[in-house]
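Taking my numbering, the leading residue of the sequence shown gets -16, the next gets one more, and so forth. Note that the Cβ used here is the ideal one computed from N, Cα and C, for glycine as well. Report on the structure given below.
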Amino acid sequence: MAIEVRIPTILRSYTGGAKVVEGSGDTLADLLTDLDSRHGGLKGRLVTDAGALHRFVNVYVNDEDVRFLGALDAKLNDGDSVTILPAVAGGAFGFAAAAAIASHAVSTRAAR
């Protein structure tokens, strides 16, 4: 099953700079596990240690917010399109959230 996944700029270091990658899985959780097997560390930027989507990441399946589709249990089908977007708000919080994602990504990469 091929699912197109659009990767935001801030996470492209995990995909070798690719804007779009393909993955497979019956659910969003399965897809993220599949992507992480080929793009190590990506899932950790999207999912908390408790196993939920980070609150500062928005994920859409065919333009539908996964929070209304079952979050990580959202069902996927062949040909679906998944878009990952960092949540950006106006003011300092938006900048702080983006900086936190970038900082965490850089520190995790350096630890490898």
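Taking all protein chains shown into account, decide if residue i is buried (16 or more other Cβ within 10 angstroms of its Cβ) or exposed.
| i | result |
| --- | --- |
| Val152 | The structure shown does not extend to residue 152, since the chain is modelled only from -16 to 95, so the question has no answer here. |
| Leu59 | buried |
Thinking C-alpha only, which one of the options is nearest residue i?
| i | options | result |
| --- | --- | --- |
| Asp61 | Gly6, Leu15 and Ala1 | Gly6 |
| Thr16 | Gly34, Asn45 and Gly53 | Gly34 |
Can you grab the Cα-Cα spacing for the pair residue i / residue j, in whole Å?
| i | j | result |
| --- | --- | --- |
| Leu11 | Arg(-5) | 19 Å |
| Leu18 | Phe51 | 22 Å |
| Glu47 | Ile(-14) | 15 Å |
Leaving out five residues on either side along the sequence, give the residues of the same chain with a beta carbon under 8 Å from the beta carbon of residue i.
| i | result |
| --- | --- |
| His37 | Arg28, Leu29, Val30 and Thr31 |
| Tyr(-3) | Ile(-10), His22, Gly23, Gly24, Leu25, Arg28 and Ala88 |
| Val3 | Glu(-13), Val(-12), Arg(-11) and Ile(-10) |
Can you list, in chain order, the residues of its chain with a C-beta nearer than 6 Å to that of residue i? Leave out the 5 residues immediately preceding and following it.
| i | result |
| --- | --- |
| Leu55 | Leu11 and Ala12 |
| Tyr43 | Thr66 |
| Ser64 | Glu(-13) and Asn45 |
Do residue i and residue j have their CB atoms nearer than 8 Å?
| i | j | result |
| --- | --- | --- |
| Val49 | Ile67 | no |
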